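Residue numbers (the working numbering), protein chains in the order written: chain G, 146 to 466; chain U, 146 to 466; chain S, 146 to 466; chain W, 146 to 466; chain R, 146 to 466; chain C, 146 to 466.
So the structure is just underneath, and the comments pick up after that.
Protein chains: 6
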Amino acid sequence: MTLPLTVPPKPGHQTFLWSPLVTDLDTLDAHIAIIGMPYGNAYEPHAVSNDQTRAPDAVRSVTDRVCRSLERYDFDVGGPIYADRALKVVDIGNVPFDIHDQRSHFGRAEATVRKVLKAGAMPITIGGDHGIPIPIFRALDGEGPVTLIQVDVHIDWREHVNGVHDGLSSPIRRASEMAHIDQIFQIGIRAQGSARSEEVAAARAYGANIIPAFEVHDAGIDTIIDRIPDGGRYYITIDADGLDPSVMPAVEGPAPGGLLFHQVRKLIHGLVRKGRVLGMDIVEITPSTDVNNITSIVAGRLIVNLIGAAVRADYFDAPPV
Amino acid sequence: MTLPLTVPPKPGHQTFLWSPLVTDLDTLDAHIAIIGMPYGNAYEPHAVSNDQTRAPDAVRSVTDRVCRSLERYDFDVGGPIYADRALKVVDIGNVPFDIHDQRSHFGRAEATVRKVLKAGAMPITIGGDHGIPIPIFRALDGEGPVTLIQVDVHIDWREHVNGVHDGLSSPIRRASEMAHIDQIFQIGIRAQGSARSEEVAAARAYGANIIPAFEVHDAGIDTIIDRIPDGGRYYITIDADGLDPSVMPAVEGPAPGGLLFHQVRKLIHGLVRKGRVLGMDIVEITPSTDVNNITSIVAGRLIVNLIGAAVRADYFDAPPV
Amino acid sequence: MTLPLTVPPKPGHQTFLWSPLVTDLDTLDAHIAIIGMPYGNAYEPHAVSNDQTRAPDAVRSVTDRVCRSLERYDFDVGGPIYADRALKVVDIGNVPFDIHDQRSHFGRAEATVRKVLKAGAMPITIGGDHGIPIPIFRALDGEGPVTLIQVDVHIDWREHVNGVHDGLSSPIRRASEMAHIDQIFQIGIRAQGSARSEEVAAARAYGANIIPAFEVHDAGIDTIIDRIPDGGRYYITIDADGLDPSVMPAVEGPAPGGLLFHQVRKLIHGLVRKGRVLGMDIVEITPSTDVNNITSIVAGRLIVNLIGAAVRADYFDAPPV
Amino acid sequence: MTLPLTVPPKPGHQTFLWSPLVTDLDTLDAHIAIIGMPYGNAYEPHAVSNDQTRAPDAVRSVTDRVCRSLERYDFDVGGPIYADRALKVVDIGNVPFDIHDQRSHFGRAEATVRKVLKAGAMPITIGGDHGIPIPIFRALDGEGPVTLIQVDVHIDWREHVNGVHDGLSSPIRRASEMAHIDQIFQIGIRAQGSARSEEVAAARAYGANIIPAFEVHDAGIDTIIDRIPDGGRYYITIDADGLDPSVMPAVEGPAPGGLLFHQVRKLIHGLVRKGRVLGMDIVEITPSTDVNNITSIVAGRLIVNLIGAAVRADYFDAPPV
Amino acid sequence: MTLPLTVPPKPGHQTFLWSPLVTDLDTLDAHIAIIGMPYGNAYEPHAVSNDQTRAPDAVRSVTDRVCRSLERYDFDVGGPIYADRALKVVDIGNVPFDIHDQRSHFGRAEATVRKVLKAGAMPITIGGDHGIPIPIFRALDGEGPVTLIQVDVHIDWREHVNGVHDGLSSPIRRASEMAHIDQIFQIGIRAQGSARSEEVAAARAYGANIIPAFEVHDAGIDTIIDRIPDGGRYYITIDADGLDPSVMPAVEGPAPGGLLFHQVRKLIHGLVRKGRVLGMDIVEITPSTDVNNITSIVAGRLIVNLIGAAVRADYFDAPPV
Amino acid sequence: MTLPLTVPPKPGHQTFLWSPLVTDLDTLDAHIAIIGMPYGNAYEPHAVSNDQTRAPDAVRSVTDRVCRSLERYDFDVGGPIYADRALKVVDIGNVPFDIHDQRSHFGRAEATVRKVLKAGAMPITIGGDHGIPIPIFRALDGEGPVTLIQVDVHIDWREHVNGVHDGLSSPIRRASEMAHIDQIFQIGIRAQGSARSEEVAAARAYGANIIPAFEVHDAGIDTIIDRIPDGGRYYITIDADGLDPSVMPAVEGPAPGGLLFHQVRKLIHGLVRKGRVLGMDIVEITPSTDVNNITSIVAGRLIVNLIGAAVRADYFDAPPV
């Protein structure tokens, strides 16, 4: 039994922003593709279907809280999200997991993103744990040099954990090994994660820009945005725990002192203005610990800000409607 | 069966601030009247008794968390709330709903506020959804010109929704049509609501001052307060979703990036200092989604700040006790 | 039956930071001692085992969320918490409560802290309600002059409540009566507590520095830190309600407008840099109303920040490992 | 705006037993019609959209727990539910409520049932509160003499409550006034309801057979079934509180000592065997207080037992598939 | 400070059956007195205010679910609960606990019951843990010989636990030592409790009739009732865990296989018919683990059955109203 | 990396009945071995670590609710569980799951049971889903002829589901294919499961005794026990859903009308008396949907009844202590 690259959301779950569901990726015709990547590379059996696997459909489910309808005026972006243009946003469903062959999974995820990029669409991915950007990074190999912007508590630079190299502790290490990844900015860092002193040393040796959350609170997000070189090709990976637990409570490892929504929103708009944002992912949402779905709603709002900013920056060849 | 203008809170619910319950409005003798307005103008059957209808009694129920006792020192206002004066605060109960004649409801609400104003008392109303300020605005017709200050996610400028003109999507549109309403400030606006581009255009055509939440975060609330002309007669309508969901989580349509408590508190104190605050309402609290009653507590604290500020600004002819 | 000074955490609860459990306090050999003080001086029967009594073990239980492992890099402190030194941190368990003789309890608590101080260790205590710092203050009588730094909603200056003098409403009043307590800073004050005008007058007569939360938001925490004299011997008592309910929701009397984590973190680091922090307690956590254990996690993170800052300020004679 | 007789279930809710959704009742071609009747005749505003209004869609939602698939072997009925016959079961959706004209509602409900009966189909209705059988009883006027079988805690014989005659306290009184209703059996009666001594007297004057739950436990359900005359035309109305709260916990007025599932199941099978069951309703489920959806599941299982028994008793002209 | 014998329920809690609240026990004029005894004799600090202490007010709070109104027809007892007689039922509030002198507590409880008995009233007590019947038993010393009827999982025959002789593990042992206690029936016994083989031996040596729950299920409750001698003076003590956890889930030590409501109801009615029931208590309800308040409701229904049966057996000199 | 046959329970989880933990199965010396088998053979990714995988540790965690201490008198078995004998009960932990090679899992489970049987110990297994008895059945190949006693809603006779032959829908089909399995009794069957008519036909062709729950309620469990031949070698597999949802609510597919605790308890005691019970498993508990842990407690009580009955039937060569 060969699995398809993507499958529809679970029954009862709408697509994100009510966009058309497209699972035939060979004929994809879109400006933006929403991708669900529920599954990562588990360290132990309970993690195969960890809480994060439920996040893509959870975020889709709050579409009507993220956006009342597409033609409404959205004050975060200054008008209708699609700016009254014929923007082609599609939801390509979820990358499935082959229970009998876990190793095939990230290959499928990578192939999915390649199809999206080949079609000229911007991939916006909802994880899943923080392992899932790894195949996305790989698929970006024709898009470099890429400036990687990470919002996170953790720096995620482990070589491997228990022999698993593509797990949720390693995405930035993996990125650092890819020729097409250039500068790395790690914003919101605080508390502890999987990093030991040797991982911090490795990150510094690479030249990663580690920007603690406390620096953002002190200096202001504008200052941080200014530190990122203009004119780049940016890829944004947002770990929900990078934001403060009061903003996105549904995370596995909450740490106080995180970024606030208006800071991350400004970061996204700033990057769009500076150069080309190639894509974005939001990972590590654990829906079972959410409070009134606010974490999923915030995730959706971040995506909507990216779309609204990008279309206003004329990223897409979309005529007025 | 003719309904009275107001009825007592449900059994087991105290009055707000343990104030005397007065439902004979013809002999009302008070400086401040707390009014519960549970019911709005529903769009569909489930909304007749929506979650918001439970908010007036929910806020009353946390009185002992809002205020330990009236003679205690309140650091938000710099002394006992009533400033050791013989302030007459009464709770006039809830405006009831006639299940057999919905249309009579807002007439009763308006008549209630007129009685309060006629008695020379400041009306402070706990909703209810955001339709309930409409009859309050109408009752203010002898108090103009009124500067309307709204704290909200949404601009609420719909002409009607499904033929309902006095619903929760239309209060500011209705206000804009009243001769006694002058300038309108809409603060904390963000994300999406019922507004389409045409409603934004209408608001702008009127000259409404739309101040997005992000502008407040960037410029600071002091700057915003400065933009409001001094010496006015202000009426404040606060939609709980105008504050950040981390501050007031119990709302139907939470949107990240909202105002913080200290910003709204400063706005209230600032308006009291600038001129005459005629009254205030707090609406759109959904008690069933609250977290440790914090939304009701915050609502109560906002009211207590208004009362404490107003009495210190010598609004009321209340002698020392 | 004579009770020991301390007893181990309840079965199934680890020690804080997986530190060794030591209950023989006569041979204590440590730089830092973690103390649980579940029980205060109750005003009524339900308060004997109030929710706060469960906090010490609740905070211990989230050790693996506070800290992934001791050798990991902690970005709040800039390296492994213990800075790769042979720091001796021990958990000395909980001070037990004699159900047949309540009055003996605070004597036992005081004796426990004296043993810790005598061993040259810094006491870090997890309450319990806000009565529990009283015996700690007493035990500090050989450490003066002590500058007392309180983070709280409430000023806690009651002479007594219902005849109970060592209850949760009185710790700062008790402190003010001790010869070895010098200046008092009360930061984050807002809303109402047990204080009446007479308690505020008493605090002012003493010369207590009452710094409302709103002043912190306006002036910035750096300004507040600057107001505290350098070179002091500081003791820090943190009531969880001093922080904002969005940061530490599990408190009995939440009040909006509180301090944020990054402000309190900076305060702790600032005090360590200024002089000698003698010890710290965190009180008034009510685990049953927590949200995803975040309040316990924040408590742990505050402690970790103190430890990490103190070891880097060379407080302890701990050689590199 | 004229409302249709029925509308589809809310988005995201399947039909009961995945049956086809049919809302054109003029061309109805079915053996059995599933009807949702969310709305009753409210006594006060909160009851307009009481918890019971959510029950029809809640029961539909557990279809896959009630029945794994239609061709599976169901041991409650001894084979596939439809007995391998071409049984035409349709779900005709929910009778809507006109918020602007409550009085029209029961007329619409009655007309719906008349359409079903005219099409020769057996109506199985999911309420709603216990007012909703009243229009069903009315629609049965061409089916008499009808033996009414009620499973309930309460006898429901009030003339009116607060002037409302068609409310949840009155269905059996209303039935008793209809010429086509003959004998009445009221089974499971216990504790208190709306009945005063005068209602009990009225029921007895009519000749209603009041069978307390305790009599069922003592004598056994077989004895009770034997007391009901054979060869009748039965209509069954089941109030969920007639069953024990351990079986159907989601009811507004739980009373211990109720009927068990196997007793009610046997009653249904017994009635089908004795004569002709004309239809059935299940009312008074309050989904918000359910435990693991068990109340909705039990409701579904009772319906499935009726369908499976009826098809095996050759009620319907349905050929083998 | 001398405590009164009883104090009113907590604010917001009605009396049981809306009966008059009487705390002046010297002038008590009543047929039946409802007593709350929240506090027992704790084994450790957390047990001073264990969950059971909240049960008296929890049961009072569901009065309107136990009984819709006093004049309604109650099918458990065959008419209005008070049988249309001028029955004087009073609620005498809760026996308070002196936090500074625990030993005084059971003296106060005993004195309370003596006052009730002296006034000729039947005491019906809501606990509290299973220690609270001990002072009740003592107060019955003028009523002997008393046949003690216990419904329980456990036999409760411990001499003491940790030196506490009047704790929840010892009530039947204490009863066995009282001259006025004659036969003892222990019904519903199963699983494990505090009893070791020596306690079972002691019970048997005394001649206690231990009737396991499984014997009740096999033989039927009628057979068990027949085994209790007629014409006795019975006192009934019901531990909520004696009933099945599906009937009364809110208990600390649930054990499957327990008595059902209709069995215990029949036992109460049977005892009333056989002789004189002197009083009853219901203990060991833990409201925080209840499911839809059903445990409190069942407790209330058991009391209502006793009252209704007793008044119909002409226990009280109450004329028709 | 080769996995051991079993691993200890998760940190913080005690062993069942506080029995010694033994994971060296080659030197096993025991009369009874408690085995956890968390993992089955999943049909899809989320099922790899389904809720049932948490059941073994959940049941262990309620040991102190199942049994207060081993020397206490247990009225379900008529004395201390081990009957004052030197019974060797050990807990051998959980069979682990190799995330990289799922197919190896049931081999490890089977090998574990073989080790237990080889040591002469009775295996009592806590699942896990209903696939986990399959390797147990296989390991019994030297114990035949075995009479298989199943308590369940479902007959579990599927040849395979989606190509998985050893899944939770197939255990009895697999058993039927084993030469050492003789008669099969399936008790409590009702509602629907995976069986289609062809599976029922297969079961009947085999001669399986399908005994619906309703037959047990009608005829009594004694009659059913009598139908099972005496003198057999019985293996008991209990699916928690075989009991009524009011008794064991924490199951995935609850169906009303199930067996009661006292019926299943009697079945276990009856089988022990009739012949030799070789072992038992309890499966399909979903801890996340439990109510006050009652399902885990009931599971533990069933095991305790088996142990207590078996030791009293002299199954084990255990001398008095």
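A virtual CB, placed ideally from N, CA and C, is assigned to each residue, including glycine.
None of these values were measured; they are calculated from a predicted model.
- In summary, SER342/G is exposed, with fewer than 16 beta-carbon neighbours lying within 10 Å of its beta-carbon over all protein chains present.
- Counting of Cβ neighbours within 10 angstroms places THR270/G among the buried residues, the total reaching 16 or more.
- Under the three-state reduction of DSSP output, TYR188/S falls in the coil class, being neither helix nor strand.
- Contacts with chain C at 8 Å (Cβ-Cβ) include ILE244/G.
- Non-local C-beta neighbours of ARG410/C in its own chain, meaning closer than 6 Å and more than five positions away in sequence, comprise ASN450, ordered along the chain.
- At a beta-carbon threshold of 7 Å, the residues of chain G lying near HIS362/U are HIS407, ordered along the chain.
- By the Cβ neighbour-count rule, VAL261/W is buried, with 16 or more other Cβ atoms within 10 Å of its own.
- In this model, ASN195/W and PRO149/C are separated by some 56 Å (Cα to Cα).
- Going by C-alpha positions, TRP163/G is about 14 Å away from ILE452/G.
- The Cβ neighbour count for PRO390/U, taken over all protein chains shown within 10 Å, is at least 16; the residue is labelled buried.
- For ILE300/W, same chain residues with a beta-carbon under 8 Å away, outside a window of 5 residues either side, are ILE317, GLN331, ILE334, GLY338, ALA340, GLU344, VAL345, ALA348, ALA353, ILE355 in chain order.
- By the CB criterion at 8 Å, ASN239/W and THR151/W fall inside the cutoff.
- Among the residues of chain G, those whose CB is under 9 Å from the CB of GLY224/S are SER342, VAL345, following chain order.
- Sixteen is the threshold: when 16 or more other Cβ atoms of the shown chains lie within 10 Å of the Cβ of VAL396/C, as they do, the residue is buried.
- Around the Cβ of GLY157/G, a 10 Å sphere holds fewer than 16 other Cβ atoms; the residue is exposed.
- If you draw a straight line from the Cα of PHE161/G to the Cα of ILE294/U, it is about 35 Å long.
- Any Cβ of chain S closer than 8 Å to the Cβ of VAL466/U would place that residue at the interface, and such an atom is absent.
- In the structure shown, GLY252/U falls within a helical segment according to DSSP collapsed to helix, strand and coil.
- What ALA284/U touches in chain W, judged by beta-carbon distance under 9 Å, is nothing: the nearest beta carbon there is about 22 Å away.
- Taking a cut-off of 8 Å on C-beta distances, the region 440-450 of chain U touches the region 200-219 of chain U, as three or more cross pairs fall below it.
- Between GLY157/G and chain W, the shortest Cβ-Cβ separation is below 8 Å.
- Contact annotation for ARG335/C against chain W: PHE220, ASP221 [CB-CB distance below 7 Å, chain order].
- For SER391/C, there is no enclosing beta strand (DSSP E), as DSSP marks it with neither H nor E.
- With its beta carbon at least 8 Å from every one in chain U, GLU304/W lies outside the interface.
- About 40 Å separates the beta carbons of ALA463/S and ALA192/S, which is beyond the 8 Å limit, so they are not a contact pair.
- Taking 8 Å as the cut-off, the beta carbon of TYR380/C is found no closer than this to the beta carbon of VAL306/C.
- The beta carbon of GLY377/C lies closer than 7 Å to those of THR292, LYS419, GLY420 in the same chain, with the five residues before and after it left out.
- Residue contact with chain G for HIS191/C: present (Cβ-Cβ distance below 8 Å to some residue of chain G).
- LEU166/U is bridged by DSSP to ASP236/U.
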